[in-house]
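Shown next, in structure tokens, is the structure this report addresses.
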Amino acid sequence: MVELRLYLAQRATAAIMAPLVLLHLGVMIYAIQGGLTANEILERTRDSLFWGGTYGLFVIAVSVHAAIGLRNILREWFRLRGPVLTALCWLCAAGLLFAGLRAVAAVVGTP
Amino acid sequence: MSAPTTDSITVSVWRGGVSGGDFQEFQVPQQPSQTILDIVTWIQRNLDASLSYRFACRVGMCGSCAMMVNGLPRWTCRTHVNKVMVDNRLKVEPLRNLPVIKDLACDMSEFFEKWRQAEGHFQGSGTRDETVAAISPKSLQRQTANAAIECINCAICYAACDVVAWNRDYLGPAALNRAWSLQNDQRDCARDERLTVVAGDAGCHQCHSQQGCSTYCPNELNPTASIAGLKQMSAHWFMKKKYRERHG
Amino acid sequence: MKAHRKQPLYLAFLMHRLSGLGLALFLPFHFYVLGLALEGNAALEGFLHWSELPLVKFAEFGLVFLLALHFFGGLRLLALENLPWSNRQKNYAAVALAAAFFVACGYLLRAI
Numbered sequence: 001m002v003e004l005r006l007y008l009a010q011r012a013t014a015a016i017m018a019p020l021v022l023l024h025l026g027v028m029i030y031a032i033q034g035g036l037t038a039n040e041i042l043e044r045t046r047d048s049l050f051w052g053g054t055y056g057l058f059v060i061a062v063s064v065h066a067a068i069g070l071r072n073i074l075r076e077w078f079r080l081r082g083p084v085l086t087a088l089c090w091l092c093a094a095g096l097l098f099a100g101l102r103a104v105a106a107v108v109g110t111p
Numbered sequence: 112m113s114a115p116t117t118d119s120i121t122v123s124v125w126r127g128g129v130s131g132g133d134f135q136e137f138q139v140p141q142q143p144s145q146t147i148l149d150i151v152t153w154i155q156r157n158l159d160a161s162l163s164y165r166f167a168c169r170v171g172m173c174g175s176c177a178m179m180v181n182g183l184p185r186w187t188c189r190t191h192v193n194k195v196m197v198d199n200r201l202k203v204e205p206l207r208n209l210p211v212i213k214d215l216a217c218d219m220s221e222f223f224e225k226w227r228q229a230e231g232h233f234q235g236s237g238t239r240d241e242t243v244a245a246i247s248p249k250s251l252q253r254q255t256a257n258a259a260i261e262c263i264n265c266a267i268c269y270a271a272c273d274v275v276a277w278n279r280d281y282l283g284p285a286a287l288n289r290a291w292s293l294q295n296d297q298r299d300c301a302r303d304e305r306l307t308v309v310a311g312d313a314g315c316h317q318c319h320s321q322q323g324c325s326t327y328c329p330n331e332l333n334p335t336a337s338i339a340g341l342k343q344m345s346a347h348w349f350m351k352k353k354y355r356e357r358h359g
Numbered sequence: 360m361k362a363h364r365k366q367p368l369y370l371a372f373l374m375h376r377l378s379g380l381g382l383a384l385f386l387p388f389h390f391y392v393l394g395l396a397l398e399g400n401a402a403l404e405g406f407l408h409w410s411e412l413p414l415v416k417f418a419e420f421g422l423v424f425l426l427a428l429h430f431f432g433g434l435r436l437l438a439l440e441n442l443p444w445s446n447r448q449k450n451y452a453a454v455a456l457a458a459a460f461f462v463a464c465g466y467l468l469r470a471i
């Protein structure tokens with residue numbers, strides 16, 4: 001029951017991300033006042049266990065969620081099936097996970 | 112074909128078969144309280160006897176006359192021309208998402224086959240020697256089953272559903288709606304088998320809650336609501352099954 | 360658009376799918392920009408300099424709108440699939456759209 005498992009994974013990651021998205025929207029609306037500078041962002045995130053953990057979790061969840069969502073689009077609108085579909089989706093998940101964790105490391109770690 | 116007059120309607124009717132087809136225009140005189148079924152019948156009797164179409168009761172009870180009217184799936188016997196006509200023009204096609212046999216008659220086989228796959232029939236264990244099952248019509252389960260039970264298999268929801276259009280395996284709103292009403296029938300003993308199908312890859316989790324089915328159902332049923340119930344029921348069933356398998 | 364799709368909950372579905380697609384396509388770019396911080400604060404600052412442009416601010420407004428829309432629409436779907444059925448789906452979809460617009464405008468007013 002592949003579709004059921006994917007359905008559960010997508011809803012579970014959605015539930016995990018709900019508070020994270022609210023936080024992210026809140027931070028964006030707070031931080032954009034008076035312009036955005038790299039120093040302002042990085043002062044908040046550098047060496048922060050909280051932001052590293054929060055955004056790390058966000059990245060893992062979104063890699064799963066977006067890949068499954070893209071899979072639906074590829075299947076329903078582009079009629080992809082079988083190994084091609086599976087390969088593309090794993091590629092999306094892996095790509096987002098790698099780039100996302102790299103971005104988290106970039107803003108949390110020391111350059 | 113004469114030029115259109117003020118009280119004639121230009122009707123574009125799909126003609127063709129399995130290998131394809133095209134629209135053919137007819138001029139039909141307007142009449143009081145005219146329905147789309149009246150129009151199609153008039154064309155066949157007066158203009159082109161080779162036009163194929165289906166109907167039976169012609170009073171909105173059987174669902175046989177379902178067709179696409181100006182792009183929407185409707186019972187043609189209950190669709191009044193003056194409610195849907197634009198600029199004295201009409202377009203009539205066979206139901207969407209089903210193969211065409213000829214002209215306005217589509218092949219309902221896959222619709223019924225999916226109903227069968229979803230275990231859409233009651234399976235009881237009682238015999239004539241036992242007392243009648245005592246089920247209160249007021250019980251929540253019975254009310255839930257009753258809310259979904261009036262389906263007459265007209266396939267309008269199937270024609271309206273875009274997930275059916277995008278995924279040929281998808282069981283579709285009618286089959287799943289029936290599965291839901293049976294899952295809420297305490298007397299049914301095939302509920303586990305039915306959940307296995309409903310939770311399968313062609314099952315309820317494919318639904319995107321577009322509610323095209325409930326928008327166009329002439330019996331005012333809501334397959335989206337039924338499918339939402341099935342999603343919950345089958346997800347719980349699946350997780351309990353996995354837990355039992357893992358922990359004995 | 361096909362006639363049968365011109366109903367509110369199909370549009371809600373479409374907006375949810377398109378906003379998700381937009382966000383998914385934006386993410387690699389977002390991760391790339393943040394990744395510039397690997398080379399030090401100045402590298403990221405060099406890019407953020409572009410965010411002063413009005414066009415970029417408007418694009419940011421669009422992205423915040425997409426995220427908020429997908430978020431509120433997603434909440435409606437989680438409720439639809441896990442709570443008892445409500446016949447008010449069209450109302451909830453409208454509230455989700457309005458809330459998303461409200462949040463995005465809140466962002467824009469602070470950005471300009």
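Residue numbers (this note's numbering), protein chains in the order written: chain A, 1 to 111; chain B, 112 to 359; chain C, 360 to 471.
Note that the Cβ used here is the ideal one computed from N, Cα and C, for glycine as well.
Note that the structure is predicted; figures quoted are calculated from it, not measured.
At a cut-off of 8 Å between beta carbons, Pro19/A makes no contact with chain C.
If one requires a minimum length of 4 residues, the alpha helix (DSSP H) runs lying completely within the segment 276-341 of chain B are 284-294, 302-309 and 323-327, in chain order. The Cβ atoms of Cys315/B and Ser345/B sit closer than 8 Å to each other. Residues of chain B with a Cβ closer than 9 Å to the Cβ of His363/C are, in chain order, Met179, Gly182, Leu183, Pro184, Arg207, Ala270, Ala271, Asp273, Gly323, Thr326 and Tyr327.
Unbroken alpha helix (DSSP H) runs of no fewer than 4 residues, entirely contained in the segment 131-190 of chain B, are found at 147-157, following chain order. Shown here for Ile154/B: same chain residues with a beta carbon closer than 8 Å to its own, the five before and five after excluded, namely Val122, Val124, Phe137, Val139 and Leu162 in chain order. Annotated three-state conformation of Gly231/B is coil, per DSSP. Taking a Cβ-Cβ cut-off of 8 Å, Gly128/B has no neighbours in chain A, whose nearest Cβ is about 25 Å from it. In the three-state reduction of the DSSP assignment, Cys217/B falls in the strand class, which pools E and B.
A contact is defined here as three or more CB-CB pairs under 8 Å, and the segment 364-382 of chain C meets this definition with respect to the segment 424-443 of chain C. Less than 8 Å separates the beta-carbon of Asn264/B from that of Gly174/B.
Nearest C-alpha to Ala87/A among Thr110/A, Ala12/A and Leu74/A: Leu74/A. Selection Ser410/C, Leu370/C, Asn400/C and Ala418/C evaluated against Leu382/C yields Ala418/C as nearest (Cα-Cα). Contact of Asp312/B with chain A by beta-carbon distance below 9 Å involves Met1, Val2, Glu3 and Leu4.
Chain-ordered, the chain C residues with CB closer than 8 Å to the CB of Ala66/A read Gly379, Leu382, Ala383 and Leu386.
When beta bridges are read from the DSSP output, Val197/B appears opposite Arg200/B. The Cβ of Gly174/B sits no closer than 8 Å to any Cβ of chain C. Going by beta carbons, Ala106/A and Gly405/C fall outside the 8 Å limit. Annotation: Trp409/C is outside any alpha helix (DSSP H) and is labelled neither H nor E by DSSP. Contact fails between the segment 32-41 of chain A and the segment 54-66 of chain A, because fewer than three Cβ pairs, one in each stretch, are under 8 Å apart. For Val107/A, the residues of chain C that pass the 7 Å Cβ criterion are Leu393 and Ala396, in the order they occur in the chain. Rounded to the nearest whole angstrom, the CA to CA distance from Glu230/B to Ala94/A is 39 Å.
When CB distances to chain B are screened at a threshold of 9 Å, the residues of the segment 59-89 of chain A falling below it are Asn72, Arg75, Glu76, Trp77 and Arg79, in chain order. CA-to-CA, the gap between Ser247/B and Trp77/A works out to about 46 Å.
Beta-bridge partners assigned by DSSP to Arg126/B: Asp133/B. Annotated as proximal: Leu183/B and Tyr327/B, with beta-carbon spacing under 8 Å.
Within chain C, the residues Trp444 have their CB atoms less than 8 Å from the CB of Gly340/B, given in chain order. Its chain contains Ser292 as the residues whose beta carbon lies nearer than 7 Å to that of Ile260/B, once the 5 sequence neighbours on both sides are disregarded; these appear in chain order. In the structure shown, Val243/B falls within a coil segment according to DSSP collapsed to helix, strand and coil.
Assigned with DSSP and collapsed to three states, Ser119/B falls in strand. By the beta-carbon neighbour count (other beta carbons within 10 angstroms, threshold 16), Asp118/B is exposed. Annotation for Cys268/B: Pro284, Ala285, Cys324, Cys328 and Pro334 place their beta carbon closer than 6 Å to its own, counting only its chain and skipping 5 residues before and after. Within chain C, the residues Glu440 and Asn441 have their CB atoms less than 8 Å from the CB of Gln343/B, given in chain order. Under the three-state reduction of DSSP output, Ile212/B falls in the strand class. Here DSSP, grouped into helix, strand and coil, assigns Asn39/A to helix. Secondary structure note for Ser63/A: its alpha helix (DSSP H) is the uninterrupted segment Leu49 to Glu76.
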